[in-house]
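**Student:** Please see the structure below; I have some questions.
Number of protein chains: 2
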Amino acid sequence: MAESTGLRERKKAATKAALSEAALRLAIAKEGIESVTAEEIAAEAGVSTRTFHNYFPSKEAALLYDFHETTGRLLADLRERARTQPIWDAFRDATIDMHFDEKFDIDDMRCREQLIHSSPSLIKEQSGQFMELFAEAIDIVAASTGTSKDDLYPRLLLGAALVTMKSSTEHWLSDPGERTLAEAITEAFALFERGITQPPPAPAT
Amino acid sequence: MAESTGLRERKKAATKAALSEAALRLAIAKEGIESVTAEEIAAEAGVSTRTFHNYFPSKEAALLYDFHETTGRLLADLRERARTQPIWDAFRDATIDMHFDEKFDIDDMRCREQLIHSSPSLIKEQSGQFMELFAEAIDIVAASTGTSKDDLYPRLLLGAALVTMKSSTEHWLSDPGERTLAEAITEAFALFERGITQPPPAPAT
DNA sequence: GCCAAACTTGCGTGATCTGCAAAATTTCAT
DNA sequence: ATGAAATTTTGCAGATCACGCAAGTTTGGC
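These protein sequences, in sequence, are chains A and B. Note that full-length UniProt numbering has the first sequence beginning at 1, numbered continuously upward. Note that full-length UniProt numbering has the second sequence beginning at 1, numbered continuously upward.
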C-alpha cells in the first residue's frame, strides 16, 4: 500500500507539513517571507536547519508546498480525464475537483495569496511551478488534440487553461461573493468557450 | 533630452549592455547559467563584482536584460494603442511592432531560449518578469474593457494575451519555417478570436 | 534483540546579495 | 583650465542560502 505504509512515511509527511505550516505561520507573523530565515522555520518545526533543506530547497518552496501538491494531483486527474473528455472540459472539471475551498482553510489561503503577491521571490517560485506544470501537461494536451507538442495550438490552449485555473481561483478567493468556487471556475472556463477576445463580459464580473 | 544627455548616461548604458552580453556569452560557453558566477561575468565585462550587483540583482536578471527592456517598451506602446484600438488588437499589433526578429540576433535568441528552458532559475526569473508585466498591464486592460481590475474578465484576457505573445514568439523562434514572425504572431492571436477551446487548428501548425 | 536501511544532524564550503564608506571619475560653473 | 559638487566604482564585512559529506540516530524486518 502506498497508504500509511509505515511509521517512517508518516513521520516524513508530518515533518514536511510541519515545516510548511511553520513557514506560513512565521511569514504571516513577520509580514513577509523575506524577513523569515530557513533557520527560524526549522526551529519552529523542531528540526535542524540542515533537515529543513532536506525537505525543501528554499523557504519559498516550503510556503508553496500545498500548492505544489495540489497541482501534482491535478495533473494525475487530468491525465485520466483526458482519456474520455475533450481537454478543455477535462481541465475545467479537474480544476473544480481539486476542491480548494474544502481542502484548505480559506483564511490561510488568503494570507498565503497576499504574501505571494507582495513578495518577488514568492511570485517567481509560484510562476516557476506553473511553468513546471506547463511542461508536464503539454504532452497530454498535444495528444488530446491530435497535435504536436511543438505546435502553437496546444501551447495556447494549455496556457489559457492554466491562466483560467489561476485567475478564477484567485478571483474567488479575493471575493467569494454569492458564488461557490465551482461556479466561479465554470464561469471562467466558459468565457473562453464564447471567445475571450470578442465580447465584454455580459453584466460585470 | 533623454537621449545621449551625457557621457555618464552612455557609459552606464554601455556597461549594462556589456554585463548582459558577458552573461550570455559565458552561459553559452559553460552550457548553463548555473555554472557561471557573478564574479566571472563582472570580470568578463571589466568591472568589479560589486559593480555588477549595482546594475543587476542577479545573473539571471542580467541574462534577461533585453527581454525586460523589450517588455518595458511594449507596455508603453500598448498604453498608446489602447487609446484608439480594441485591447486585443492593440496587444497583437504592439507585439508585432516589437520586431524581435529585426532587433536581435536570431542565433543569440535561440541560445538564450535554450538556456532559459533548461534552467529552473531562469524560468523563474522570466516568468517573474511576466507577472510583473501582468501587474503593470492589468489597469490598461481593465480601463480598455470597461471593467474593474479585480474582475475576472480582464485577467483572463490579459493572461491570454501574454500567453499568446510568449508562445508565438517562442514557436517562431524554434522553427521560422516559411513564415515571418509577424505572421506567426497574427496567427496566434487569431486563434483566440475564433475561440481557442472549440476547433482543433485547421491544418496542423 | 540485531542489523541494514533510512533519516537527522553538524560542519564546511562556495555563492548570492546588500549596506557602508572611501577612492575615483565626471560634470559644471567660473 | 581648475576646483567643488555630484555621481559612480570599488573593497570589505556580514547575513543568508543551498548543498556535499560523514558521522550519529532511528526505524523496520527477521
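All residues carry an ideal CB built from backbone N, CA and C; glycine is no exception.
Taking Cβ positions, are A/E125 and A/E183 nearer each other than 8 Å?
**Tutor:** Against the first sequence, residue 125 of chain A aligns to sequence position 125. Against the first sequence, residue 183 of chain A aligns to sequence position 183. Cβ atoms of A/E125 and A/E183: not closer than 8 Å.
**Student:** Residues of chain B with CB closer than 9 Å to the CB of A/V163, please, in chain order.
**Tutor:** Taking the first residue of the first sequence as 1, we reach residue 163 of chain A at position 163. In chain order: R155, L156, L158, G159, A160, L162 and V163.
**Student:** Which bits of chain A does B/E40 rub up against, with CB to CB less than 7 Å?
**Tutor:** To locate residue 40 of chain B, count along the second sequence from 1; it is residue 40. Residues of chain A passing the Cβ test: none, with the nearest at roughly 23 Å.
**Student:** Counting C-beta neighbours from all protein chains within 10 Å, is the total for A/G6 16 or more, i.e. buried, or is it exposed?
**Tutor:** Walking along the first sequence from the start, residue 6 of chain A turns up at place 6. It counts as exposed.
**Student:** Measure how close the beta-carbons of A/H171 and B/R155 come, nearest whole angstrom, since I'm counting them as under 8 Å.
**Tutor:** In the first sequence, residue 171 of chain A corresponds to position 171, counting from 1. In the second sequence, residue 155 of chain B corresponds to position 155, counting from 1. Correct: roughly 7 Å between the Cβ atoms.
**Student:** Is the segment 120 to 134 of chain B touching the segment 14 to 23 of chain B in the sense that three or more CB pairs, one from each, lie closer than 8 Å?
**Tutor:** Verdict: no, contact absent.
**Student:** Is the segment 185 to 192 of chain B in contact with the segment 158 to 168 of chain B, if contact means three or more CB pairs nearer than 8 Å?
**Tutor:** The segment 185 to 192 of chain B is in contact with the segment 158 to 168 of chain B.
**Student:** Please report the distance separating the alpha-carbon of B/L173 from that of B/R110.
**Tutor:** Taking the first residue of the second sequence as position 1, residue 173 of chain B is located at position 173. Taking the first residue of the second sequence as position 1, residue 110 of chain B is located at position 110. Each residue's alpha carbon lies about 7 Å from the other.
**Student:** Which residues, taken in chain order from the segment 117 to 131 of chain B, show a beta carbon closer than 8 Å to some beta carbon of chain A?
**Tutor:** So the list reads P120, I123, K124, E125, S127, G128, F130 and M131, given in the order they occur along the chain.
**Student:** In its own chain, which residues sit with a C-beta less than 6 Å from the C-beta of A/A45, not counting the 5 before and 5 after it?
**Tutor:** As a position in the first sequence, residue 45 of chain A is number 45, starting the count at 1. Result list for A/A45: A18, L19 and A22, in chain order.
**Student:** Let me check understanding here. Comparing Cα to Cα, which of B/L181, B/E193, B/Q114 and B/T84 lies closest to B/I96?
**Tutor:** As a first step, residue 96 of chain B must be located in the second sequence, where it is residue number 96. It is B/L181.
**Student:** Applying the 10 Å Cβ sphere with the 16-neighbour rule, what's the burial state of B/R73?
**Tutor:** The residue labelled residue 73 of chain B in the question sits at position 73 within the second sequence. Classification of B/R73: exposed, given that the 10 Å Cβ count is below 16.
**Student:** Does the CB of B/L152 have a neighbour CB from chain A at under 8 Å?
**Tutor:** For the purposes of this step, residue 152 of chain B is identified with residue 152 of the second sequence, where counting begins at 1. Yes, because at least one Cβ of chain A sits closer than 8 Å to the Cβ of B/L152.
**Student:** At 8 Å on the CB atoms, spell out the chain B contacts of A/A188, in chain order.
**Tutor:** Counting from one through the first sequence, the residue named residue 188 of chain A turns up at place 188. Chain B residues near A/A188: L152 and L156.
**Student:** Pick from A/I106, A/L152, A/D105 and A/E69: whose alpha carbon is nearest that of A/Q129?
**Tutor:** Position 129 of the first sequence holds residue 129 of chain A. When each option's Cα is compared against that of A/Q129, the closest is A/E69.
**Student:** Taking B/F192 as the query, report the chain A residues whose CB atoms sit under 9 Å from its CB, ordered along the chain.
**Tutor:** Walking along the second sequence from the start, residue 192 of chain B turns up at place 192. Under the 9 Å cutoff, chain A gives L156, A160, F192, G195, I196 and T197.
**Student:** By the three-class DSSP mapping on this structure, what secondary structure does A/D151 have?
**Tutor:** Along the first sequence, one-based indexing puts residue 151 of chain A at 151. Correct three-state label for A/D151: coil.
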